[in-house]
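Shown next, in structure tokens, is the structure this report addresses.
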Amino acid sequence: MQAPNNNVLPKFSGRPVSSHKQQNSPLDNKHAARPSETRTIVITGTANGIGLAYLRYYAQNPLNHVIACDKDPTPLENIPNRRAAVSTHTLEVNDEFFLSSLSTFLSGRPVHLLIHCVGVRGLNPQVEREAPSDVTAAEVLEATGKKMLTQTFNVNAVGTFEVIRTLLPSLRAASEQLPGEERARVVVMSSRMGSMSQNTQETTPGGYAYRASKAALNSIVRTFSVDVPDVFFMLIHPGRVNTNLVLCCEEGSISTDDCVWKLIKIMDADGVQNLPSGLFWDINGQQIPW
Ligand SMILES: NC(=O)c1ccc[n+]([C@@H]2O[C@H](COP(=O)([O-])OP(=O)(O)OC[C@H]3O[C@@H](n4cnc5c(N)ncnc54)[C@H](OP(=O)(O)O)[C@@H]3O)[C@@H](O)[C@H]2O)c1
């Protein structure tokens, strides 16, 4: 038998993300959902960008119950063909009150998939406003300060830790009810800029806050993958996407819908759960070195 190549993902066969028989109300049936029935999916960062595109995707399937979280209201009126049950939840990832309210809301109900899209770019806001198309100018050494470093680290790294920790009982509950070797999944939006080995003279200068916070995020998610083997973790770099992360539209950026379609292919590649948990992938299914 050929050993699996852990650096490249297997092909995606295009099977549906969620499965099978329909139930009337996934919300009514707190602990009764069997694996062949509804799936609960928590998505963070759904007010904008990649998180909103994920919500549009999963909201089309009536077998899904989607819990959409953001610190700002999630615009459900922008979700065409909404057939899933969608609940919205206010979540500021650095605020204990909202984390504990999410935990109470879930109260151990199984969550089969967590997609964590909350993130900030860690730019100097004044420099960015003055020259929106020059992202580098807003993150070089001279533009970087302690406040920006701390805020970015808090959202991207500490916030990610808190969100995953809050959802762990629900993720474990889902793993217990899933068939065979299948486990609940956590998919976290990282960035290639968090790769320390790819930070060289050839890449853009600076980026202290974003790079450090995403490297820390990678380390946190990797550590969860070691500590919690009954849940499957993936870190993904979504590519350059046209969102509100920066004020300008960066050259070569793709739409959020195109991005999410590519990400789904990676998340749902055949046999992906047979690969080690806690790896760092790019949008083409290639493994990114730490
Ligand atoms: N876009 C890209 O090219 C790109 C490339 C690589 C990686 N990523 C990563 O992909 C993820 C999604 O980014 P995106 O491009 O979709 O950006 P986005 O459009 O700005 O979406 C991020 C969402 O997270 C929310 N958010 C920010 N801070 C929060 C907090 N403390 N608590 C709760 N919600 C908060 C934002 O709300 P506000 O808008 O109100 O702040 C926004 O709705 C991020 O982790 C980002 O680093 C994006």
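Sequential numbering of the sequence shown, starting at 1, is according to the UniProt record's numbering.
Built from N, CA and C at the ideal position, the CB exists for glycine as well.
None of the values given here were measured: they were computed from a predicted structure.
Proximity test, residue i beta-carbon vs ligand 2 heavy atom, cut-off 7 Å
i	result
Pro132	For the structure depicted, ligand 2 is absent and the ligand set comprises only ligand 1.
Extent of the continuous alpha helix (DSSP H) run through residue i
i	result
Asp227	208 to 227
Arg185	Looking at the DSSP string, Arg185 is not in any alpha helix (DSSP H); the run it does join, the beta strand (DSSP E), is 184 to 189.
Trp261	256 to 267
Met148	146 to 153
Leu52	49 to 58
Val127	125 to 130
Ser87	Run containing Ser87: none in the alpha helix (DSSP H); it sits in the beta strand (DSSP E), 85 to 90.
Ile164	159 to 177
Residue i to residue j span [Cα, whole Å]
i	j	result
Ser190	Asn64	25 Å
Asn244	Gly278	27 Å
Ala209	Met148	7 Å
Pro289	Arg211	14 Å
Ile50	Cys69	13 Å
Glu142	Pro125	13 Å
Phe233	Phe224	8 Å
Asn274	Glu181	9 Å
Pro276	Val187	14 Å
Phe105	Val120	26 Å
Glu162	Asp227	15 Å
Thr152	Ser213	6 Å
Val42	Arg56	13 Å
Pro110	Thr144	41 Å
Gln198	Glu37	42 Å
Thr150	Pro80	38 Å
Pro169	Asn94	19 Å
Ala138	Val86	37 Å
Asp258	Leu167	28 Å
Run of the beta strand (DSSP E) containing residue i, from where it starts to where it stops
i	result
Ser103	It is not in any beta strand (DSSP E) - Ser103 instead sits in the alpha helix (DSSP H) that spans 96 to 106.
Ile43	39 to 44
Ile67	64 to 70
Leu235	231 to 236
Leu114	113 to 116
Trp281	279 to 281
Burial state of residue i (16 or more Cβ within 10 Å)
i	result
Phe97	exposed
Gly271	exposed
Lys262	buried
Glu250	exposed
Ala32	Reliability of the predicted coordinates at Ala32 is poor, the pLDDT of 34 falling under 50, and no value is obtained from them.
Asn185	In the sequence as presented, Asn is not what sits at residue 185; that position holds Arg. The residue in question, Arg185, is buried, as its Cβ has 16 or more Cβ neighbours within 10 Å.
Arg183	buried
Glu130	exposed
Leu99	buried
Leu76	exposed
Met193	buried
Lys146	exposed
Lys21	For Lys21, the pLDDT reaches just 26, beneath the cut-off of 50, and the residue's location in the model is therefore unreliable, leaving the point undetermined.
Met196	exposed
Pro238	buried
Gly206	buried
Glu128	buried
Residue i beta carbon near ligand 1 (any heavy atom closer than 7 Å)
i	result
Thr203	no
Ile41	no
Asp72	yes
Met234	no
Glu251	no
Val118	yes
Pro238	yes
Glu77	no
Asn61	no
Thr166	no
Ala47	yes
Rounded distance between the beta-carbons of residue j and residue i, thought under 8 Å
i	j	result
Asn156	Leu217	5 Å
Trp281	Leu247	With a Cβ gap of about 28 Å, Trp281 and Leu247 do not count as contacting.
Lys71	Leu91	6 Å
Ala84	Tyr58	6 Å
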